[in-house]
Amino acid sequence: MRIEKCYFCSGPVYPGHGVMFVRNDCKSFRFCRSKCHKNFKKKRNPRKTRWTKAFRKASGKELTVDNALEFEKRRNIPVKYNRQLWDKTVEAMRKVEEIKRKRQAKFIMNRLKKGKQLEKEEAISEVKKNIHLIKAPHAGKAKQLEDKMVQKLQEDVDMGDDDI
Amino acid sequence: MALYNFKKIMVVPTAKDFIDITLSKTQRKTPTVVHKHYQIHRIRHFYMRKVKFTQQNYHDRLTQILTDFPKLDDIHPFYADLMNVLYDKDHYKLALGQINIAKNLIDNVAKDYVRLMKYGDSLYRCKQLKRAALGRMCTILKRQKSSLEYLEQVRQHLSRLPTIDPNTRTLLLCGYPNVGKSSFINKVTRADVDVQPYAFTTKSLFVGHMDYRYLRWQVVDTPGILDHPLEERNTIEMQAITALAHLRSAVLYVMDVSEQCGHTLQEQLELFNNIRPLFANKPLIIVANKCDVKKINELSEENQKIFADLSADGISVIETSTLTEEGVMQVKTEACDRLLANRVETKMKGKKVHDVLNRLHLAMPAKRDEKERPPFIPEGALMRKKAMEVDAPKRKLERDLEMELGDDYVLDLQKYWDLMNEDEKQDRIPEVWEGHNIADYIDPDIMKKLEDLEKEEELKERAGEYDSDDESEDEEMQEIRVLAKQIREKKQLLVIESKEKDIHGPRMPRTAAKVERKKLEKEMGNLGLDMTDKDESHYAQQARRSRSVTRKRKREASAPPTSKTRSQSASRPPRDQSGLRDAKMVKKTKKMMKNSQKGMNRQGKKGEADRHVFDLKPKHLLAGKRKSGTTDHR
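Chains as they are written, first to last, in full-length UniProt numbering: chain A, 1 to 164; chain B, 1 to 634.
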């Protein structure tokens, strides 16, 4: 019993689900649902269909080269059953899964950092250009000016007093 | 070798079928249409063709029958004799002869009528001739009905005869009925012959095959023979006699020591002596069967004497029991050995041997030193050789286990696995964990790889890759963000407002409309300016002044415009020149205007606003079968 991968979207195909198509050149294609199957029949390239994993990996939106991803691989050398080895493998799987998730998340975060930078700059430019929509340029300055004037007058008066 | 052809004899149809087949074939395969007004040679040709076609068919089919059935003179005398016994040589030859005669007669009939037809002068005459010809041919065949039936039965029986190769190594079992011949063959070969308590259970010859010393051996089981002279023997017994007479084999004469077959030992001895002439030049063994019931030394004096006499004659007597299997192997080995020796002897006496012998030369290496170099036979080979001679007990099969346990039996193939630890064989192996296949992760080096990975991870963590970088932004940045948000909201509001205005008519610039004081003060107040106490401001005063002035004056006849003052329409440039700098721009503008009208004009629309559709559901787009294209759209 194996969980296969859908040829189109790279999602899991559980036993009892999906469709397998075998071509005349003996190549077999598994599909997880009719959406993928229909897309395949329309001859669409999964590497260009944006919602598939193949696209995401091909266009660098997800982590592709990493040591943690080398653990899950189809090997052609059969290994005889050995209880110890199987136990260790199951434990190792857990740990590897954890590390893999961390790394994938970090990769995506790094990719999105640039967006945050752009956001900042945009905010700054927005404020610079359109501040007049919410605040008049010399709002509050009138009062300041008045205060200044008052202060100056006061000073003059003081100066005048001093003179006399 | 005519052996295997017995199965390939074509089916012999019954007379009625034969006639039907041929006639319908004639009707189908020859042209059917002919008219009175055709030219006479054409009509003649038409009917002649039919006659000849029918004759040809009969001829072919009958010839095939004649060639398929074996000629008794051409096949091995054993088979010839067997067929004689089973089918009576005379009857057989007669039947085939009749068929031959029928064939010749049909040919003659056809020839005659074809000749006659040359003189047929009308369609009717030719047709009658053809009818007569076909009729006569069919009658000839109808008379062969019994021959054809007989031949069909012969064919069916012939194809079911066992394939006995008369030239290869054979063991022949003979004796009274019920002595144990069929049990013997069942034990020694894979044949499954009926064994029943009544006499003449075996009614014909049966063949089984066995291997000994890397050679194939035939074992032939015969029906039992009773003791009476040759002439009185029936068909079944004659088969056994034929086999004895013609097959060059080792003979195993089976006797029943316990006399359970219903005949005494004396009678069995009598029979033996009677058919002894048939055993000339053949290695003979006497099989004293059913020794589990009675052994030879338990017999009476006289009976023991019989056996002693036989042994004294030089014939080996071996006690066997097909029930307990003792002695069976011994018989087998001895019979095979003696037969081989016999065959080798005969070959040596023959003429062909010298050719071969002259070419053979056995080279013996000269002795180098006194060291003994005996031949080395590996143990496995020795054991296997021993197992061939003695019937080794078969190892316990799964099937035996299943029979033993009955309902409790469970097929457990995991017990045959070859693992390092024996006690892990019954483990239930996990296959899937959380959407991943465990088999994809199995690797003898997995622990090492995991260690490396964890080290890497640790390094990365120490280097600070996984620190969340939420740079705490300074206050200024936060303020800016808040302001930006407000700006965006304000923009959206403005857009919505302008959409809701719903202006009919031309859009006037802002300056054309009057701005109310209250509104102005409110707006500016929202933008943060202090608008209280603004009665003395300029705009308020202007507003008061302008009110007194902008009262409607009485309309007087307006003075006609002098040359100095131009009418407003003249002061403004005409619409197709306003806003255009130079001739190039004018040209471009004109072009754009024409371009934008192209679509409208081509579709025959009255103007921009003409959206009338003359044909809402055009038939050529919506009706009809889909020739090429998909379900996505029509």
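For glycine and all other residues, C-beta sits at the position ideal for the given N, C-alpha and C.
Item                                                                                                                    : Value
Where L105/B sits in the DSSP three-state scheme                                                                        : helix
Secondary structure of R488/B, DSSP reduced to three states                                                             : helix
Proximity test, Cβ basis, 7 Å: H17/A and chain B                                                                        : no
Beta carbon proximity, K89/A to chain B, threshold 7 Å                                                                  : The residue asked about is misnamed: residue 89/A is Thr in this sequence, not Lys. At least one chain B Cβ lies under 7 Å of T89/A.
Neighbourhood of I108/A by C-beta distance below 6 Å, restricted to the same chain and skipping five residues each side : none
Chain A residues whose Cβ lies nearer than 7 Å to that of Y539/B                                                        : Here the premise fails: no neighbours, minimum Cβ distance about 15 Å.
Contact the stretch 242–257 of chain B vs the stretch 159–179 of chain B: 3+ CB pairs below 8 Å                         : yes
Minimum Cβ-Cβ distance from I99/A to chain B less than 7 Å                                                              : yes
Distance, D147/A Cα to D156/A Cα                                                                                        : 14 Å
Neighbouring residues, chain B, relative to Y7/A (Cβ below 7 Å)                                                         : Here the premise fails: no neighbours, minimum Cβ distance about 17 Å.
Close-in-space but distant-in-sequence residues of the same chain around P12/A (CB under 6 Å, 5 per side omitted)       : I3
Proximal chain A residues relative to I480/B, where beta-carbon distance stays under 7 Å                                : A123, I124 and V127
Helix, strand or coil at W433/B according to DSSP, with G and I counted as helix                                        : strand
Within chain A, partners of A463/B - CB distance below 8 Å                                                              : Near A463/B there are no residues of chain A at all, since even the closest Cβ is about 12 Å away, more than 8 Å.
Integer-rounded CB distance, given that V34/B should sit under 8 Å from I43/B                                           : 6 Å
Listed by chain order, chain B residues near P46/A by CB distance under 9 Å                                             : Those within 9 Å of P46/A in chain B number zero; the least Cβ separation is about 19 Å.
Presumed contact (8 Å Cβ cut-off) between G140/A and G528/B, rounded CB distance                                        : 6 Å
The ligand HEM heavy atom lying under 6 Å from the CB of M255/B                                                         : Summarising the ligand content, the structure contains no ligands, and the ligand HEM is consequently not present.
Straight-line Cα distance separating E458/B from L450/B                                                                 : 12 Å
Contacts that I524/B makes with chain A (C-beta to C-beta distance below 8 Å)                                           : Strictly speaking, residue 524/B in this sequence is Met, with Ile absent from that position. Going along chain A in sequence order, the residues near M524/B (Cβ under 8 Å) are A136.
Environment of M1/B [buried if 16+ CB atoms lie within 10 Å]                                                            : At M1/B the pLDDT is 44, less than 50, meaning the model places this residue with poor confidence; the figure from the coordinates comes in the next sentence. With fewer than 16 other Cβ atoms within 10 Å, it is exposed.
Reduced DSSP secondary structure (H/G/I, E/B, other) of K148/A                                                          : helix
Proximal residues of chain B, C-beta to C-beta of V79/A below 7 Å                                                       : I442 and P444
For V13/A: DSSP bridge partner residues                                                                                 : E4/A
Neighbouring residues, chain A, relative to residue 680/B (Cβ below 8 Å)                                                : With chain B covering only 1 through 634, there is no way to say anything about residue 680/B.
Residues of the stretch 410–428 of chain B whose Cβ lies closer than 8 Å to any Cβ of chain A, in chain order           : W417, D418, L419, M420, N421, E424 and D427
Test item: CB-CB of S243/B and T222/B under 7 Å                                                                         : The displayed chain sequence assigns Ala, not Ser, to residue 243/B. Result yes, Cβ atoms of A243/B and T222/B sit closer than 7 Å.
Cβ shell of V22/A (< 7 Å), same chain only, five flanking positions each side left out                                  : S28
Assumed close pair Q304/B, I296/B - CB separation to whole angstroms, cut-off 8 Å                                       : 6 Å
Q98/B to K71/B span [Cα, whole Å]                                                                                       : 15 Å
Within 7 Å, strictly: CB atoms of residue 655/B and M137/B                                                              : Shown here, chain B extends from 1 to 634; a query on residue 655/B therefore has no answer.
Where residue 666/B meets chain A, residues with beta-carbon distance less than 8 Å                                     : For chain B, the structure presents residues 1 to 634; residue 666/B sits outside this window and is missing.
Chain B contact for A54/A (CB, 7 Å cutoff)                                                                              : no
6 Å CB neighbourhood of K152/A in its chain, flanking five on each side removed                                         : none
C-alpha gap between E536/B and H504/B, whole angstroms                                                                  : 37 Å
Minimum Cβ-Cβ distance from F21/A to chain B less than 7 Å                                                              : no
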